[in-house]
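Each number in the numbering used here comes from the position in the sequence shown (counting from 1) with 168 added on.
For reference, the structure discussed in these notes is given below.
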Amino acid sequence: MNFHIAKKMQRFPNSIFGDLKAATIEATQQGKTIIDLSLGSPDLPPHEAVRRVLSEEAAKPSSYGYTLTGTMNFYEAVARYYKRRSDVELNPATNIIQTIGSQEGLVHLPVAFCDLGDIVLTTNPAYVAYDAGIALAGATSYYMPLTKENDYLPDLSAIPQDVAEKARLLILNLPGNPVPAMPTTAYFEEVVAFAKKHNIIVLHDAAYSEFYFEGDRPLSFLSTPGAMEVGLEINSLSKSFSLAGTRIAYIAGNADMIAVLKQLKSNLDFGIFEAVQTAAVTALDLAEDITASLRETFAARHRTLMNGLQAIGWDVAPSNGGMFVWAKYPQSFTSEEMAFHCIREVGVVTVPGTAFGTAGEGYLRLALVQSEEKLNEAVARLKMI
């Protein structure tokens, strides 16, 4: 059958992750033992109390109807979490919307606020879902480089005036993926001023807000004076609470913007399994206990991998948070060549930096999703290349 393929599909190339998976399977078939540092999927199980609630709720015959939206219990738990953790007041009824994981929220959000050809300010490198959402909306990406000289923070002053005036949306991710830069109060204040001046909506992706290794936790963008006037913050329970497979997240912030997203979402899905929402309430209410243990584990892993890579001559971006290490390797391979070479030769799976943008050439992203013992072994293998 001859069928038509929409022209917009040209903006959705095949993901590099499928090719990495195929190469990993081939290496396994050839006898390689694999250390997978590619996907940021937590290897730690959810807290026992969260698993118990999920099991109990799933056993109830009444749990299997459509929820349509987030439950009020879930929204109230998010509001309590924000108040405790960031001293941010959220109205559960108007300042929060639930999404099916942050990936879904990130991809659909530009549809609500961007028309064909509108400009979205995003970073290079950046998490792959941002460009997917921009493409779905038919908007145009303007890339802000993340450089070592600027502490891997986007330089808003370098954005041309005509671009800023046409922009509808600014996407930030701090601590970031793949580059785990940390926000500062002064930087977020600059963001708010910039957004107000140019009438731009700010979306802060806070997926790694609980991943910090010393000192104070990363700032919530919404805790910045004026942020509730200009923007939104998206976060999921995938990373901080090891609930990646349950696909539950939320967007919080400006009530008028949330209302637009609720209108869009009412046409897209019928809500998340009620048992998952109830388990998520437990996770949010136990956040302090759950995330303290998480940070201890990931801080140790971060030190192990960062110090190990530096010892074999890799240039690692400095960081005090996030779930990844962003590292420049000394070999002369391109990023893709290096990633597949690592799989074939030593059985270590990473992600080429160019998966996240052209500025990622010469870099690999390595996820902290293995034990310290495995990370030490990965470094020893990489030293052999």
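Beta carbons are placed, not taken as given, at the ideal position from N, Cα and C, and that holds for glycine.
Because the structure is a prediction, the values reported are computed rather than measured.
- For W494, the closest of F171, V517, C282 and R533 by C-alpha to C-alpha distance is R533.
- Look at F242 here: in three-state DSSP terms it is helix.
- Membership of M474 in the alpha helix (DSSP H) is indicated by the continuous run A455 to A479.
- Membership of A300 in any beta strand (DSSP E) is not indicated; the residue belongs instead to the alpha helix (DSSP H) covering V296 to A305.
- In this model, E456 and Y310 are separated by some 38 Å (Cα to Cα).
- For T262, no beta strand (DSSP E) run applies, since DSSP gives it neither H nor E.
- Note on geometry: alpha-carbon atoms of F438 and I302 lie some 24 Å from one another.
- Secondary structure at S309: strand, using DSSP grouped into helix, strand and coil.
- It is roughly 31 Å from the alpha-carbon of A217 to the alpha-carbon of L436.
- With a cut-off of 8 Å on Cβ pairs, the segment 196–208 is in contact with the segment 509–527, counting three or more such pairs.
- If you draw a straight line from the Cα of S377 to the Cα of L289, it is about 21 Å long.
- Annotation: the continuous alpha helix (DSSP H) that includes N544 extends over E540 to K551.
- In the DSSP assignment, R533 forms a beta bridge with W494 and V519.
- With respect to the C-alpha of P328, the residue from E317, L337, R469 and M312 having the closest C-alpha is M312.
- For D424, the enclosing alpha helix (DSSP H) covers residues A423 to K433.
- In this structure, DSSP gives I202 a state outside helix and strand, which the three-state scheme calls coil.
- Per DSSP, the continuous beta strand (DSSP E) segment holding H372 begins and ends at I369 to D373.
- N341 has D373 as its beta-bridge partners, per DSSP.
- According to the DSSP assignment, E401 belongs to the beta strand (DSSP E) that extends over G399 to S404.
- Residues of the same chain with a CB within less than 8 Å of the CB of T465, apart from the 5 flanking positions on each side, are L212 in chain order.
- Cβ contact annotation for E225 (same chain, cutoff 6 Å, sequence separation greater than five): S231, A443 and T446, in chain order.
- Using a Cβ distance threshold of 7 Å, A451 and L390 do not count as a contacting pair.
- Non-local C-beta neighbours of G285 in its own chain, meaning closer than 8 Å and more than five positions away in sequence, comprise G306, A307 and T308, ordered along the chain.
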